[in-house]
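J.: Mind the numbering: the sequence shown is residues -19 to -1, 1 to 82 in mature numbering (1 follows the signal peptide of the UniProt record, and there is no 0), read in order. Mind looking over this structure? Questions follow.
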Amino acid sequence: MKFLIIAVFSAMVVSAALSLPLDELEDLVDVQDWDEAAVDDNAGIRQRRVTCDLLSFGGKVGDSACAANCLSMGKAGGSCNRGVCQCRKTTFADLWNKRFG
C-alpha cells in the first residue's frame, strides 16, 4: 500500500512538472551567461569521509556503506582506512571475468 501511494505521488509530481509551459518557465528563470558567472573556488571541496565517519557508529556499518558506495561507482568494493573510504582499483567487471571468465 505504501508503495502504491509513493508511486501515485511520484507520477503526480512528474506530470505536474511536465505540464508547465516552457514560455512561462523562461520568464521565471533569469538566464545569465554562465561563462561570465563568478565561480567560488571553495565551492568544489568534496569530503570523502561521509560513509566511514558518519556511518561508523555501529561498528561495521561504515565498511559496508563504503563497499556499497564503491560498488555503485563500478569498483569491486572497498573499505574504510582511517575514516576515508578506499575503493579497490579493479572494476567489478574485471573481478567477474576473473572468477567466472
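No residue lacks a Cβ here, since even glycine has one placed at the ideal position from N, Cα and C.
Pull the bridge partners of residue 90 from the DSSP assignment, please.
T.: Since the first residue of the chain shown is -19 and the last is 82, residue 90 is not available in this structure.
J.: Alpha carbon to alpha carbon, how far is Ala74 from Cys47? Give it in angstroms, no decimals.
T.: Distance between the alpha carbons of Cys47 and Ala74: 18 Å.
J.: What are the boundary residues of the alpha helix (DSSP H) that Ser(-1) is part of?
T.: Run containing Ser(-1): none; DSSP gives neither H nor E here.
J.: Would Ala57 and Thr72 be called neighbours here (beta carbons separated by less than 9 Å)?
T.: Going by C-beta atoms, Ala57 is nearer than 9 Å to Thr72.
J.: Where does Gly59 land, buried or exposed, given buried means 16+ other C-beta within 10 angstroms?
T.: With 16 or more Cβ atoms within 10 Å of its Cβ, Gly59 is classed as buried.
J.: Relative to the C-alpha of Cys68, which candidate in Leu(-16), Ser45, Ala(-13), Lys(-18) has its C-alpha closest?
T.: Comparing Cα-Cα distances from Cys68 to each of Leu(-16), Ser45, Ala(-13), Lys(-18), the minimum goes to Ser45.
J.: Just tell me which of Met(-19), Thr32, Ser53 has its CA closest to the CA of Cys66.
T.: Per the Cα distances, Thr32.
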